[in-house]
Amino acid sequence: VLFPQIGEIIGGSQREEVHDRLLKRMQQMNIPEKELWWYLETRKFGTVVHSGFGLGFERFLMFITGMSNIRDVIPFPRTPKSAEF
Numbered sequence: 242v243l244f245p246q247i248g249e250i251i252g253g254s255q256r257e258e259v260h261d262r263l264l265k266r267m268q269q270m271n272i273p274e275k276e277l278w279w280y281l282e283t284r285k286f287g288t289v290v291h292s293g294f295g296l297g298f299e300r301f302l303m304f305i306t307g308m309s310n311i312r313d314v315i316p317f318p319r320t321p322k323s324a325e326f
């Protein structure tokens with residue numbers, strides 16, 4: 242879903258469920274198998290097709306408040322070196 246002056250506010254996708262296609266794409270992108278072996282295992286014996294979507298909360302807030310900069314509506318901003326440990 243696209244909103245004027247803001248852009249995409251809701252996006253969705255379908256996960257790749259075929260092990261061999263996933264492995265081939267990882268090889269094309271030079272992603273080592275050992276880094277995602279656990280994910281490949283979940284696809285090794287097949288899985289159901291599944292999809293999902295998400296709402297961009299900050300972009301939605303921009304739309305309802307009329308703000309022009311997304312930084313002004315982020316409820317919990319993360320800035321480098323700002324967290325005290």
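Following the numbering used here, the numbering of the sequence shown begins with 242 at its first residue and continues without gaps. No residue lacks a Cβ here, since even glycine has one placed at the ideal position from N, Cα and C. In this text, all values refer to a predicted model and were calculated from it rather than measured experimentally.
Does the contact criterion of 3 or more C-beta pairs under 8 Å hold for the region 284 to 297 versus the region 253 to 271? yes
Short Cβ contact (8 Å threshold) for residue 292 with residue 254: yes
Please list the terminal residues of the continuous alpha helix (DSSP H) segment that includes residue 305. 298 to 306
At what residues does the alpha helix (DSSP H) containing residue 268 begin and finish? 260 to 269
Reduced DSSP category for residue 282 - H, G, I as helix; E, B as strand; rest coil: helix
Should residue 252 and residue 295 be called a contact, given that it needs their Cβ atoms to be closer than 8 Å? yes
Given residue 245 as reference, the closest of 309, 321 and 320 once Cα atoms are compared: 309
Tell me the rounded alpha-carbon separation between residue 279 and residue 307. 43 Å
If you follow the beta strand (DSSP E) that residue 252 is part of, which residue opens it and which one closes it? 251 to 255
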